[in-house]
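Protein chains: 2
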Amino acid sequence: MVVVPETIQRFFTTATPEAWVAEATRRLPELLLDHANCELKAASTALGFLYRYPDRPALAQRMSRLAREELRHFEQVRSIMQEMDIAFDRLSASRYAGELRAAVRDQEPYKLLDLLLVGALIEARSCERFARLAPQLPPRLGKFYAGLLASEARHFEHYIHFARSECAVDEAAIDARLDELKEIEASLIAEPDAQFRFHSGPPTGA
Amino acid sequence: MVVVPETIQRFFTTATPEAWVAEATRRLPELLLDHANCELKAASTALGFLYRYPDRPALAQRMSRLAREELRHFEQVRSIMQEMDIAFDRLSASRYAGELRAAVRDQEPYKLLDLLLVGALIEARSCERFARLAPQLPPRLGKFYAGLLASEARHFEHYIHFARSECAVDEAAIDARLDELKEIEASLIAEPDAQFRFHSGPPTGA
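As they're listed, the protein sequences go chains A and B. Counting in the working numbering, the first sequence runs from 1 upward without gaps. Counting in the working numbering, the second sequence runs from 207 upward without gaps.
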């Protein structure tokens with residue numbers, strides 16, 4: 001059985017709606033295409049920390065490793081797509097990524113804090129969705145998605161760790177900000193979404 | 207003994223000047239700092255192919271793996287820098303990278319061809335320099351640099367392979383273009399350079 005790791009379960013108050021899971025199982029080629037794009041973007045996001053905060057050795061080493069792991073997943077999704085004869089193409093940013101990115105504040109140390117917390121939210125949500133999807137998918141794909149769970153959960157923990165260790169912001173303010181971002185994230189997951197994506201809301205009219 | 211692989215030896219007509227090697231052994235912290243930057247840029251360059259040419263599966267898979275390997279080297283150089291107490295910072299583009307990039311044509315399929323050939327040249331030159339430097343460095347660093355040789359030689363071969371397989375340009379035109387780019391590269395390696403970098407020319411006044 002595939003279960004959402006307990007850390008992730010405790011982290012979210014809003015679960016992925018059933019209507020999204022049902023839609024995803026009907027739209028596998030689009031799911032995989034967006035998933036491959038997400039892995040590539042996750043790698044680029046991790047590298048962004050190296051470019052923006054070059055003087056933080058612990059952050060740099062971890063983000064470089066994280067980027068490598070996302071790239072390995074990207075290669076794996078593309079292999080599966082090729083076997084299923086699904087062409088790859090670049091997709092524009094989803095509502096989910098766009099709105100979370102828009103919430104990132106401009107001024108340091110809040111910018112770094114928000115970037116890390118948004119990273120944590122995306123990894124945690126990906127983990128939850130992989131767990132929800134895995135039992136509904138064709139066996140090979142289900143097994144692959146179940147295998148990704150553990151790394152997404154680890155990435156989530158790394159992002160939270162750096163949010164607490166790399167930003168000169170006190171614990172209470174970090175907690176308050178995390179709550180605000182969780183609320184935005186929850187609405188993106190719960191509100192009908194015109195576009196189907198890996199991180200979209202339930203389909204309009206469902 | 208560390209030797210330049212034969213494929214690389216045959217590829218270049220201009221060897222790294224002794225004056226550059228001597229300078230490099232005197233300026234290890236700057237060498238390492240630029241080397242770390244080069245690994246990060248090499249990873250970003252490889253990812254650039256995924257973004258710019260998303261519909262080429264063989265190229266995408268290879269460039270993703272190549273980016274992972276460059277990132278692993280980045281982490282290794284940064285570890286060595288930390289042990290040696292050398293701070294990391296981002297460096298602006300060197301004369302070498304800037305001028306080679308300026309030579310890339312704007313129109314396809316020549317743009318892809320030039321990007322791949324420039325990639326091949328940079329990997330080949332890195333390989334040659336690692337081989338030249340390794341015997342002159344403190345043992346641990348020398349061993350690390352000797353170990354990088356093989357992967358740079360492999361990357362060089364991958365770039366050449368894709369230049370010949372992914373671009374709708376005939377063999378003779380590819381060879382002619384490679385000769386032109388080699389000539390530019392050779393002058394950047396041979397002509398005095400005001401700035402010391404991993405790929406700079408001999409120091410001014412040497």
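All residues carry an ideal CB built from backbone N, CA and C; glycine is no exception.
- Taking 8 Å as the CB threshold, Ser270 (chain B) lines the interface with chain A.
- Tyr53 (chain A) has a beta carbon lying at 8 Å or more from every beta carbon in chain B.
- Between the alpha carbons of Gly304 (chain B) and Pro398 (chain B) lies a gap of roughly 16 Å.
- Between Leu112 (chain A) and Lys182 (chain A), the C-beta gap is not smaller than 8 Å, which leaves the two residues out of contact.
- In this chain, Thr204 (chain A) is not harboured by any alpha helix (DSSP H), its DSSP state being neither H nor E.
- Gln288 (chain B) and Phe156 (chain A) have their C-alpha atoms some 26 Å from each other.
- Setting aside the 5 residues that flank it on each side, Leu100 (chain A) is surrounded in the same chain by Val118, each with a C-beta closer than 6 Å to its C-beta; the list follows chain order.
- What Pro263 (chain B) touches in chain A, judged by beta-carbon distance under 8 Å, is Arg78, Gln82, Phe88, going in chain order.
- DSSP places Asp399 (chain B) in the strand class (E or B) of the three-state scheme.
- By alpha-carbon distance to Glu281 (chain B), the top candidate from A:Leu115, A:Glu123, A:Leu50 is A:Leu50.
- Taking all protein chains in view, the Cβ of Pro109 (chain A) is surrounded by fewer than 16 other Cβ atoms within 10 Å, so the residue is classified as exposed.
- At a Cβ-Cβ threshold of 8 Å, Thr231 (chain B) and Leu343 (chain B) count as neighbours.
- For Phe198 (chain A), the nearest beta carbon of chain B is not closer than 8 Å to its own beta carbon.
- Less than 8 Å divides the Cβ of Asp89 (chain A) from the Cβ of Pro260 (chain B).
- For Phe350 (chain B), not one C-beta of chain A is nearer than 8 Å to its own C-beta.
- Fewer than three Cβ pairs drawn from the stretch 144-161 of chain A and the stretch 194-206 of chain A lie within less than 8 Å of each other, which leaves the two stretches out of contact.
- In this structure, the alpha-carbon of Leu297 (chain B) lies about 10 Å from that of Glu236 (chain B).
- In terms of Cβ geometry, Ala248 (chain B) and Val283 (chain B) do not form a close pair [threshold 8 Å].
- Counting only Cβ-Cβ distances below 7 Å, Phe130 (chain A) has no contacts in chain B at all, with the closest Cβ about 20 Å away.
- DSSP places Val77 (chain A) within a helical segment (H, G or I) once states are collapsed to three.
- Taking the Cβ atoms as the reference, Glu334 (chain B) lies roughly 5 Å from Val210 (chain B), within the contact range of under 8 Å.
- No residue range can be given for Pro109 (chain A), since it is assigned to no alpha helix (DSSP H) and is classified by DSSP as neither H nor E.
- Within the same chain, Ile8, Phe11, Phe12, Phe156 come within 7 Å of Ala124 (chain A) by CB-CB distance, once the 5 residues on both sides are set aside.
- With contacts defined by Cβ atoms closer than 8 Å, Glu70 (chain A) and Ala46 (chain A) form a contacting pair.
- Annotation: Ser165 (chain A) to Leu59 (chain A) spans about 10 Å, alpha carbon to alpha carbon.
- Taking 8 Å as the Cβ-Cβ cut-off, the stretch 229-258 of chain B approaches chain A at Leu246, Ala249, Ser250, Leu253, Leu256, Tyr257, given in chain order.
- Ala340 (chain B) counts as buried, since at least 16 other C-beta atoms from the protein chains shown sit within 10 angstroms of its C-beta.
- Interface residue (Cβ-Cβ distance to chain B less than 8 Å): Leu71 (chain A) is classified as such.
- Ala369 (chain B) and Asp381 (chain B) have their C-alpha atoms roughly 10 Å apart.
- Between Ala309 (chain B) and Ile390 (chain B), the CB-CB gap stays under 8 Å.
- For Arg258 (chain B) and Ser44 (chain A), the gap between their C-alpha atoms comes out near 14 Å.
- Chain-ordered, the chain A residues with CB closer than 7 Å to the CB of Ala273 (chain B) read Leu71.
- Leu238 (chain B) places its beta carbon less than 8 Å from that of Ile286 (chain B).
- Scanning chain B for C-beta atoms nearer than 8 Å to the C-beta of Glu166 (chain A) yields nothing, as the closest lies near 15 Å away.
- In the DSSP annotation of this structure, the continuous segment of the alpha helix (DSSP H) that includes Ser151 (chain A) starts and ends at 139-165.
- Taking Leu116 (chain A) as the centre and dropping the five residues before and after it, the same chain places the C-beta of Tyr159, Phe162, Ala163 closer than 6 Å to its C-beta, in chain order.
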